[in-house]
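Trainee: Okay, here's the structure, questions in a sec.
See the structure below:
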């Protein structure tokens, strides 16, 4: 059910995150549900998604901690686009779909576009950063922090809150 192995590929050691609460990552609150104030929404940047679900899956333990803590983890449609255009293995795509179904991606609409355009005028060196600005705008518009492995790419974006790696890991 949560595995992505098939008989044709050799088994490789990896951290399984798909089995740790699919619903927790999807944020399946129905309309009118009261969501506790403690529930924190985190949007994943493409860097974190790729590092958690591909190759050595170095960020999988961190993603698992977010999920186990009850964080509401989401992907924006922009991150989904970047993820899907990359060279993905079937097992990686399966894990992504189990954790972050395509139809649950946070849309990038008019509000997010207007926010991204404003950010473009507010940051230095905006040219070439349009995708990052769109990802940031989506997180800001939805009141989410952003978990990225490229913190320096987002450090100068006004109103963007980056997920705090130290608190996530429980370090002092």
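Numbering (the working numbering), first residue to last: 1 to 172.
Just so it is clear, CB atoms sit at the ideal spot from N, CA and C, and this is done for glycine as well.
Just to confirm my understanding: we take residue 1, look at its own chain, exclude 5 residues before and 5 after, and list those with CB closer than 7 Å. What are they?
Mentor: Low local confidence applies: a pLDDT of 38 at residue 1 is under 50, so the model's placement there is unreliable, with the coordinate-based value given in what follows. If we look at residue 1 and ignore the five residues flanking it on each side, it has no Cβ neighbours.
Trainee: If you check the beta carbons only, do residue 45 and residue 150 fall under 9 Å apart?
Mentor: It is a contact, given that the beta carbons lie within the stated cut-off.
Trainee: For residue 124, I'd like the list of residues in its chain whose CB is within less than 6 Å of its CB, leaving aside the five on either flank, ordered along the chain.
Mentor: Nothing listed; no residue qualifies.
Trainee: Taking all protein chains shown into account, decide if residue 89 is buried (16 or more other Cβ within 10 angstroms of its Cβ) or exposed.
Mentor: When all chains shown are included, residue 89 counts as exposed.
Trainee: If you drop the 5 nearest sequence neighbours on each side, which residues of the same chain put their C-beta closer than 7 Å to that of residue 47?
Mentor: Closer than 7 Å at the Cβ level, and outside the excluded window around residue 47, lie 148, 149 and 150.
Trainee: When we look at the beta-carbon of residue 132 and count the other beta-carbons within 10 Å, is it buried (16 or more) or exposed?
Mentor: Flag for residue 132 reads buried.
Trainee: When the distance is taken between beta carbons, is residue 146 closer than 9 Å to residue 139?
Mentor: Taking 9 Å as the Cβ cut-off, residue 139 and residue 146 qualify as a contacting pair.
Trainee: Excluding the five sequence neighbours on either side, which residues of its own chain have a C-beta within less than 6 Å of the C-beta of residue 59, listed in chain order?
Mentor: Counting only Cβ-Cβ distances below 6 Å, and skipping sequence neighbours, we find 48, 51 and 52.
Trainee: Measure the alpha-carbon distance for residue 120 versus residue 130 and round it to whole angstroms.
Mentor: Cα to Cα, residue 120 sits roughly 7 Å from residue 130.
Trainee: Report the residue ranges of all alpha helix (DSSP H) runs contained in full by the region 96 to 168; include only those spanning at least 4 residues, in chain order.
Mentor: Taking only runs of at least 4 residues, the alpha helix (DSSP H) segments lying wholly in the region 96 to 168 are 110 to 122, 130 to 141 and 151 to 154.
Trainee: From the DSSP output, which residues share a beta bridge with residue 59?
Mentor: The partner list for residue 59 (beta bridge, DSSP) is empty, contrary to what the question assumes.
Trainee: Only counting the same chain, and skipping five residues up and downstream in sequence, which positions put a Cβ closer than 7 Å to that of residue 143?
Mentor: Within the same chain, residue 143 has close Cβ partners 41.
Trainee: Starting from the Cα of residue 74, find the closest Cα among 104, 55 and 98 and give me that residue.
Mentor: Ranking 104, 55 and 98 by Cα distance to residue 74 puts 104 first.
Trainee: Start and end of the alpha helix (DSSP H) containing residue 44?
Mentor: Taken as a continuous stretch (DSSP letters only), residue 44 belongs to no alpha helix (DSSP H), being part of the beta strand (DSSP E) at 41 to 44.
Trainee: Which residues mark the beginning and the end of the beta strand (DSSP E) in which residue 72 is found?
Mentor: First-last of the beta strand (DSSP E) with residue 72: 72 to 74.
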